[in-house]
Amino acid sequence: MSSTLADVINRLPDADMAGGARTEGQIPEIRGFNGRDIILLVDGARRNADNGFAGFQTPLYIDPAFVQSVEVVMGAASTLYGSGSMGGVMSIKTLEAKDLLAPGRKWGAELDGGYQSANENAKGAAKVYGKWGKFDGLLAYAGQSFGPISLGGGQKLSPNNGTSNSALLKLGYDITDRIRVDFGQSFYYIENYRPANAQAQKFTVYNSSTKTYIPYYRQTGTRQDDSNIHLTTKDSDGKEDGRLTLYRSKMTSWYGPFIKTSIVGETQTLETYGADIQKIFRENFGYLGSHMFVVGANYYRDINHTLQKNGQGGGTIPDGQQQVYGFYGSDEIKLPYGIVLTPSLRYDRYNTFGSGSSTSTSGAILPKITLAWHPNRNWMVYLSWGKNYRAPTIQETNMNYAITPNSYYFLPNNNLRPESARTYEGGFSYNKSGLFSRKDHALVRATGFYEDATNLIQLSVVGHHWSPLYKTNEINYQYTNIQHATRYGIELRATYNIENINLGVSYSHLRVRDANTGANLLAQPDKVAADASYTFPKIGLTATYNLTAVEAQDYDSTIARRRPGYMLHDILFDWQMPGKPWRVNFAVTNLTNKTYYMYKSIASNNDVPEIGRSVRFNISYKF
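Residue 589 in full-length UniProt numbering is what sits at position 589 of the sequence shown, and the numbering runs on without skipping anything.
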């Protein structure tokens with residue numbers, strides 16, 4: 001029933017899609033990181049947009065109707081994922097024919113549609129898929145329309161009138177039983193009439209000649225195109241042992257001129273070309289343990305271009321390119337007594353070519369080691385240590401928006417240094433069936449981490465300037481280095497299932513500080529998410545209750561970013577009619593119509609409540 005991924009992400013520990021109720025304003029955050037400190041992957045293709053315009057626009061345009069799964073890796077990511085992850089990874093896998101085909105069927109199709117009251121969101125999707133010998137394929141379309149948003153407490157977020165359309169094509173061919181090639185092509189297009197800043201509630205300008213306030217809105221649009229090819233191989237045991245990925249990702253955002261003003265529109269484009277190759281070798285050396293060697297290389301090139309509607313180049317984000325390549329290797333060694341040792345090593349190199357600026361080059365060697373112990377089939381304990389690194393992007397160093405004293409400024413900083421960190425992490429998991437009953441299952445996971453960061457890159461408030469028009473001080477923003485920062489936290493997750501009852505709870509705690517001044521930096525507040533569901537098997541109905549409780553963020557040293565705590569309640573019903581192709585979903589989210597504000601790590605000057613009570617309905621039919 002979701003129109004965005006936020007419904008799921010916001011219930012994970014130390015992960016959020018913050019930034020307001022509009023789709024275009026939702027920013028992925030993990031452990032207080034956002035922007036290029038998080039690797040975003042869709043079918044292995046990187047989404048490298050630096051969170052759009054100064055962090056006020058989402059980099060993740062995808063319709064939930066196409067999503068098969070989302071993997072979220074917290075913290076400094078595995079060596080294998082690629083360059084630049086300081087906060088973590090969100091890896092999204094889109095649907096394939098094999099995910100949807102019923103056993104014994106050669107083809108199938110689905111139709112579904114739904115409505116969400118809080119933002120007048122009507123949506124529909126159609127999928128057709130099949131398998132013919134060694135070929136399989138899927139073709140899907142999804143569309144949505146939306147209007148003004150009812151916020152918690154009864155306020156309205158307007159304007160927000162727009163539509164989105166997206167399509168997905170997936171083709172696969174099994175060359176042999178051990179070699180497969182896949183091709184994917186997708187596009188997503190959203191158009192909306194709103195403020196330029198998708199996280200702003202309303203924006204007007206005072207016209208001194210007419211002595212009236214003029215709405216400062218404009219038509220906006222974003223198109224996301226992705227193409228990818230995967231070649232995968234398997235060993236004689238059917239396990240994947242090799243993968244080659246080639247991809248192109250392009251995001252184009254355009255902004256029309258503001259009404260009744262002389263300010264022209266502009267188009268911003270970020271195009272990414274990339275390639276990943278990986279090979280896995282498995283060997284057993286007896287007393288020296290069983291080894292899984294992984295070696296590989298990653299490469300991508302970002303090309304950024306801005307064009308104003310008057311045909312002139314330039315704009316808020318300058319033209320430029322950045323290429324990144326890395327080589328890595330790891331060895332998972334399974335030793336006696338349940339000990340698993342995984343050393344790994346990665347080398348990354350960055351080259352940045354900015355328009356009108358000198359070329360910058362930097363690189364780093366990044367080791368990581370993990371030690372895990374499985375004393376029995378139920379318990380696992382682990383410790384890990386690693387280094388991570390990321391160079392500043394063109395957007396961070398050269399973003400420049402200071403054309404008028406009547407709005408906030410975004411100032412360039414060509415002296416930004418690469419950020420690096422040492423991360424220490426440990427935890428355990430307990431996984432057991434038959435804990436209290438022969439039909440139950442329990443899972444508990446706990447993680448603690450500490451990070452020592454140097455030259456951490458964050459968007460900071462660097463003063464104010466006087467606006468003659470608004471008769472007030474407007475904020476100046478700039479990406480700056482925090483010379484020395486520390487980050488620590490814990491994440492807990494527990495689930496318990498017995499017959500038709502499912503229970504779950506998670507908790508996260510995070511603090512980030514400037515080690516030199518003691519100032520509290522960007523850090524998501526403590527969060528508890530709990531859920532309970534019961535399934536009535538005879539009628540195929542599952543009823544679920546969700547609770548999300550977020551502590552007040554009252555310790556950020558940037559006082560304008562602080563937010564009060566809140567508690568949300570949702571009820572959901574999923575009815576899969578036994579023996580029938582129909583499926584019906586019904587939900588009421590934010591049941592008490594709570595007025596709440598998510599802690600946003602960037603937009604400290606935008607104070608917009610989140611979406612209010614929403615009645616949701618969805619129905620689908622499978623052929």
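Where is the CB? At the ideal position from N, CA and C, for every residue including glycine.
None of these values were measured; they are calculated from a predicted model.
contact_flag[the segment 15-32, the segment 514-528] where n(CB pairs < 8 Å) is 3 or more: Note that the segment 15-32 touches the segment 514-528; at least 3 beta-carbon pairs, one per stretch, sit closer than 8 Å.
CA-to-CA distance, R36 to P367, given in whole angstroms: Taking the sequence shown and counting its residues from 1, the one referred to as residue 367 is at position 367. Taking the sequence shown and counting its residues from 1, the one referred to as residue 36 is at position 36. When rounded, the distance between both Cα atoms is 21 Å.
Backbone CA spacing between N179 and E283 [nearest angstrom]: Position 179 of the sequence shown, counted from the start, is the residue given in the question as residue 179. Position 283 of the sequence shown, counted from the start, is the residue given in the question as residue 283. In the sequence on display, residue 179 carries Ile and not Asn. Rounded to the nearest angstrom, the gap between the Cα atoms of I179 and E283 is 21 Å.
Segment contact flag, the segment 111-124 with the segment 411-424, C-beta cutoff 8 Å, min 3 pairs: no
7 Å Cβ shell around S362 - same chain, five flanking residues per side excluded: Position 362 of the sequence shown, counting from 1, holds the residue named residue 362. Excluding positions up to five away in sequence, the list reads Y350, A391, P418.
Cut-off 6 Å between Cβ atoms - residues of its own chain near S433, not counting five sequence neighbours on either side: Taking the first residue of the sequence shown as position 1, residue 433 is located at position 433. Result list for S433: H441, in chain order.
Rounded distance between the beta-carbons of H569 and T592, thought under 8 Å: What you label residue 592 is simply residue 592 of the sequence shown in a count that begins at 1. What you label residue 569 is simply residue 569 of the sequence shown in a count that begins at 1. 6 Å between Cβ atoms; contact.
CA-to-CA distance, F573 to I559, given in whole angstroms: Your numbering for residue 559 matches position 559 in the sequence shown. Your numbering for residue 573 matches position 573 in the sequence shown. Those two C-alpha atoms are separated by around 40 Å.
Cutoff 7 Å: Q144 Cβ touching any chain D Cβ: Here there is only one protein chain, and chain D is not present.
Euclidean distance between Cα positions of S384 and M90: Within the sequence shown, numbered from 1, the residue matching residue 384 stands at position 384. Within the sequence shown, numbered from 1, the residue matching residue 90 stands at position 90. When rounded, the distance between both Cα atoms is 21 Å.
Extent of the continuous alpha helix (DSSP H) to which V8 belongs: Sequence index remark: in the sequence shown, residue 8 carries index 8 (1-based). Taken as a continuous stretch (DSSP letters only), the alpha helix (DSSP H) holding V8 covers 6-9.
Burial state of N378, where buried means 16 or more other Cβ atoms lie within 10 Å: Your numbering for residue 378 matches position 378 in the sequence shown. Flag for N378 reads exposed.
Selected residue, minimal CA-CA separation from L41, among G274, N10, L231: Within the sequence shown, the letter at position 41 stands for residue 41. For the residues G274, N10, L231, the minimum Cα distance to L41 belongs to G274.
Close Cβ partners of A552 (< 6 Å) along its chain, the five nearest in sequence each way excluded: Here residue 552 refers to the residue found at position 552 of the sequence shown. Closer than 6 Å at Cβ, skipping near neighbours: P564, G565.
Between the CA atoms of Y188 and D112 - distance to the nearest angstrom: Your numbering for residue 112 matches position 112 in the sequence shown. Your numbering for residue 188 matches position 188 in the sequence shown. About 18 Å.
E491, enclosing beta strand (DSSP E) - first and last residue: Against the sequence shown, residue 491 aligns to sequence position 491. 472-498 is the span of the beta strand (DSSP E), which, as asked, contains E491.
Pair within 7 Å by beta-carbon distance, D99 and Q68: Residue numbering aside, residue 99 sits at position 99 when the sequence shown is read from its first letter. Residue numbering aside, residue 68 sits at position 68 when the sequence shown is read from its first letter. Yes, Cβ-Cβ distance for D99 and Q68 is below 7 Å.
Minimum length 4: unbroken alpha helix (DSSP H) runs contained in the segment 526-588: none
Sequence-distant residues of the same chain with beta carbon closer than 6 Å to N165, five excluded per side: As a first step, residue 165 is located in the sequence shown; it is residue number 165 there, counting from the start. Cβ within range, chain order: G143, Y189.
Inter-residue spacing [alpha-carbon to alpha-carbon] between A372 and L335: As a first step, residue 372 is located in the sequence shown; it is residue number 372 there, counting from the start. As a first step, residue 335 is located in the sequence shown; it is residue number 335 there, counting from the start. Roughly 10 Å separates the two Cα atoms.
Of the listed residues G87, V128, Y115, G114, nearest to L101 (C-alpha basis): Start at 1 with the first residue of the sequence shown, and residue 101 comes out as number 101. That would be V128, whose Cα lies nearest to the Cα of L101.
Helix, strand or coil at R511 [DSSP, three-state]: Indexing the sequence shown from 1 puts residue 511 at position 511. Note: R511 maps to strand in three-state DSSP.
Endpoints, the beta strand (DSSP E) within which K127 is located: Position 127 of the sequence shown, counting from 1, holds the residue named residue 127. 121-132 is the span of the beta strand (DSSP E), which, as asked, contains K127.
Per-residue DSSP class, three states only, for L95: For this step, residue 95 is matched to residue 95 along the sequence shown. L95: coil per DSSP, three-state reduction.
Helix, strand or coil at G255 [DSSP, three-state]: Within the sequence shown, numbered from 1, the residue matching residue 255 stands at position 255. The question names Gly, yet the displayed sequence has Tyr at residue 255. It is a strand residue.
Where N500 falls, given that 16 or more other Cβ within 10 Å makes a residue buried: Numbered from 1 along the sequence shown, position 500 holds the residue referred to as residue 500. Per the 10 Å Cβ criterion, exposed.
Presumed contact (8 Å Cβ cut-off) between E610 and A126, rounded CB distance: Counting from 1 along the sequence shown, the entry for residue 610 is found at position 610. Counting from 1 along the sequence shown, the entry for residue 126 is found at position 126. Their Cβ separation, rounded to whole angstroms, is 31 Å, which puts E610 and A126 out of contact at 8 Å.
Three-state class that DSSP yields for Q57 in the structure shown: Position 57 of the sequence shown, counted from the first residue, corresponds to residue 57. Correct three-state label for Q57: coil.
Bridge-paired residues (DSSP) for G113: Within the sequence shown, the letter at position 113 stands for residue 113. Answer is G124, I619, bridged to G113.
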